[in-house]
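A.B. asks: Chains as they are written, first to last, in the numbering used here: chain A, 109 to 425; chain B, 1266 to 1505; chain C, 375 to 664. Sharing a structure below in structure tokens format, with a few things to ask.
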């Protein structure tokens, strides 16, 4: 089990993630794996905010929606290529996240959870709003084209999209790893665990919290963009409470304050609903919900902590 | 004292908050009727000892109340046996009225007439509580809150009253008034009191028996009168 | 003008529902400082229980009288079995459990009762609106029921020993144990009461918005807004807040933002209250804490 916590593991994992699916996966499996990458980024975004910084968000689906719609509108209305929309969606989501983070600062844990939950409930309605209908397509949403592989690469559309998302994901994961391992990460965790001590140490709590919010929104927004490109479709009802709660479930199950946990959480939310369907044909949500409660009781640190326990490594995060 | 009835007997009491041990094997008794005091500096373990008796922390050792083991029982069940506890900080229900605080004191009792009689007694002892009866308890002064806390505890109809630093944060005049009233309660009702105090001279004045606690261990015990009279003891241990 | 009055009256009727759910939320919040995100789904589930009983042939009020205590027991059981062991866990764990409950109730309801909209009967008759057409029979009846519920809850907390003990346990659990109040049992009771109130709110709102597993999402949001507006530490404030939010919702829907952005109105109220006056309109700040 030591293998999973070794320094080389992320590189080996990435290499395997590049090679194996291209060799063995069908188009449908590739699509599913692409979504795993997308969800990994989104869960990582939530993890930075909730897991590392202790700000519980039940509304990160809203940022995902903003990212998805930014990409969809830029592609559909302005004809921008898919890859060029990502920087826009990153900047816009970071900005919105920063603005939402400002009032959120004053809210203790439960209030923030409540407000972000309200945001999640209201998001589909806002997306359907008539005044924006020219851009958002209202209830109908926007349909997008699937990108081809560039430079005449001998890859199918699905293969290329998978690699593209994987590349963006690897970049963002590297960024997050560097952040949480350094000074900034220590400050984020200090604010979560010992706010008073953090303040005494001269950490500007307000600044860190709002910037973490912006960072989280940026990650989640980029995930939304990639998700929109992958699914080739955006529509309001896909971005409601269930989506936000899915990210939350992914984060908890994968493990709070764990980079690797984000991947495990993403695998969980992509594949478990299928398995849950088989366990109980009609109530996958119940399997989801009961698993969530079970995790809180038995494994509050998520799957990531299980690996840590099995490999006998002390928790450092 | 083989013939004396022991209301509370504590043997080999160990107590801890999480990992840090605070009490290291205490043995002490509280006799039926009269005042026993635990003296000691800040952090000696006085408050923890009272909490241990009330089942508010995990303990090891034996605690017998009226001959029956109460160790491991829930705090509310221990209160139901007749142990009233005025905690540190007085435990006032700030958001509730004085009346409601007092009604809560009598929560375990169903004898309406007895409660009414006890309430009248408390008004007698603390006339100010009658004046403030319908006021929100959070608006009372510190001294009034201490009186309310004692009255609330007395309404339980206790056999044993645990008092945690009744003098804390109060002006000397009010402290004297409160201790005089406590003395009156003991004389008139024959109640047993276990009082924890930093102010040793104050506590020794009303106590029958005293224990001196230092970092979780007793370093001295004896009749309060003997300690009061023995200047060397007082000077070396209590510093007055 | 007639339209305006009608909107106000509908606002009071739906406000009563929000006030009930807000009260349920505040009861649990006061005792545990947790916001029960599953409150709405629990109420929805109770409403399905009532519908099942009615469809089995029971008269409405018999179903009503069975549903409320059954919901009470479910609520109390959840507190004992799930919440109590985690009472000292960090915020994330309790939010996790609430979300787990929400998902479970939602999908179990969808599984047993399907996701199709179902009409729910009103006990107040479908006849012509009353008082010159301003008030439907159901609006009048449900408002009356809501007021009766709120008043009895108030009287219970104000005048009974048990109610006092529950308040004490919420404010100061340590002191409460010392005077002999079994705090854990009080919390379970609080959860039971909250579930019972929620069940009534669900049965009152279902004839208006139809019954489906997602029925309570909007109601819960308005209840949040109402509780925060009135002050989440103040039950009476939360009730008043619920009514105000009901009126704002109806007037805003009719004259300002249109019905499409009703949920956003609730979000807006929540954000404004939390940024401008986090204690709410009637939230208490104690004078002295010496």
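Backbone N, C-alpha and C define an ideal beta-carbon position, used for all residues, glycine too.
1) Distance, Cα to Cα, residue 224 of chain A vs residue 246 of chain A?
2) In chain order, what are the residue ranges of uninterrupted alpha helix (DSSP H) at least 4 long that sit wholly in the stretch 1300-1337 of chain B?
3) Looking at C-beta atoms only, is the number of pairs between the stretch 566-584 of chain C and the stretch 623-641 of chain C that lie closer than 8 Å three or more?
4) Identify the residues that DSSP records as bridge partners of residue 1457 of chain B: which are they?
5) Going by Cα to Cα distance, which pick from B:1492, B:1343, B:1394 is closest to residue 1373 of chain B?
6) Would you kindly check if the distance between the Cβ of residue 157 of chain A and the Cβ of residue 338 of chain A is under 8 Å?
7) Identify every residue that forms a DSSP beta bridge with residue 1475 of chain B.
8) When we look at the beta-carbon of residue 1314 of chain B and count the other beta-carbons within 10 Å, is it buried (16 or more) or exposed?
9) Just to confirm before moving on: does the CB-CB distance between residue 399 of chain C and residue 562 of chain C stay below 8 Å?
10) Is it buried or exposed for residue 424 of chain A, if we count other Cβ within 10 angstroms and need 16 for buried?
11) Can you give the Cα-Cα distance for residue 416 of chain C and residue 267 of chain A, rounded to whole angstroms?
12) With a threshold of 8 Å on Cβ separation, who are the neighbours of residue 306 of chain A within its own chain once the five nearest residues in sequence on each side are excluded?
13) When you compare the CB of residue 377 of chain A with every CB in chain C, is at least one pair closer than 8 Å?
14) Just how far apart, CA to CA, sit residue 494 of chain C and residue 161 of chain A?
15) DSSP has residue 1262 of chain B in a bridge; who is on the other side?
16) Could you spell out where the alpha helix (DSSP H) holding residue 292 of chain A opens and where it closes?
17) With DSSP collapsed to three states, give me the class of residue 512 of chain C.
18) Measure how close the beta-carbons of residue 284 of chain A and residue 152 of chain A come, nearest whole angstrom, since I'm counting them as under 8 Å.
19) Find the residues of chain A that neighbour residue 420 of chain C, judging by a C-beta separation of less than 7 Å, and give them in chain order.
20) Is the beta carbon of residue 1511 of chain B less than 8 Å from the beta carbon of residue 1326 of chain B?
21) Please name the residue in A:406, A:342, A:120 whose C-alpha comes closest to that of residue 181 of chain A.
22) Which residue comes first and which comes last in the alpha helix (DSSP H) that contains residue 1364 of chain B?
23) Would residue 1488 of chain B pass as a contact of residue 1474 of chain B if the rule is Cβ separation under 8 Å?
24) Reducing DSSP to helix, strand and coil, say where residue 1271 of chain B ends up.
25) Quick one: which residues of the stretch 1393-1412 of chain B get their C-beta closer than 7 Å to a C-beta of chain C? List them in chain order.
26) Residues of chain A with CB under 7 Å from residue 634 of chain C, in chain order?
27) Could you tell me the distance, in whole angstroms, from the CA atom of residue 434 of chain C to the CA atom of residue 527 of chain C?
28) Residue 457 of chain C to residue 1322 of chain B, Cα distance in whole Å?
29) Tell me whether residue 364 of chain A sits in a helix, a strand or coil according to DSSP, three-state version.
30) In the DSSP assignment, the alpha helix (DSSP H) including residue 174 of chain A goes from what residue to what residue?
31) Quick check on the burial criterion: 16 or more other C-beta atoms within 10 angstroms. Buried or exposed for residue 535 of chain C?
32) Please confirm whether residue 464 of chain C has its beta-carbon closer than 8 Å to some beta-carbon of chain B.
33) Please report the straight-line C-alpha distance between residue 197 of chain A and residue 470 of chain C, rounded to a whole angstrom.
34) Look up residue 1281 of chain B in the DSSP assignment and give the residues it is bridged to.
35) With respect to the alpha helix (DSSP H) encompassing residue 1349 of chain B, which residues constitute its N-terminal and C-terminal limits?
36) Quick one: does residue 1319 of chain B have its CB under 8 Å from some CB of chain F?
C.D. replies: From the atom records:
1) 23 Å
2) 1311-1318
3) no
4) B:1299, B:1425
5) B:1343
6) no
7) B:1302, B:1487
8) buried
9) no
10) Note that residue 424 of chain A has pLDDT 47, beneath the 50 cutoff, so the model's placement of it is unreliable and no number is given.
11) 45 Å
12) 295, 298, 299, 313
13) no
14) 45 Å
15) Nothing in the structure corresponds to residue 1262 of chain B, since chain B is present only between 1266 and 1505.
16) 291-301
17) helix
18) 6 Å
19) The contacting residues do not exist; residue 420 of chain C stays about 17 Å from chain A at best.
20) Past the edges of chain B, shown from 1266 to 1505, lies residue 1511 of chain B, and the structure says nothing about it.
21) A:342
22) 1363-1370
23) yes
24) strand
25) 1403, 1404, 1407
26) 233, 236, 237, 238
27) 23 Å
28) 21 Å
29) coil
30) 169-185
31) exposed
32) no
33) 29 Å
34) B:1286
35) Premise fails: residue 1349 of chain B lies in the beta strand (DSSP E), 1348-1351, not in any alpha helix (DSSP H).
36) Annotation note: the requested chain F is absent from the structure, which comprises protein chains A, B and C.
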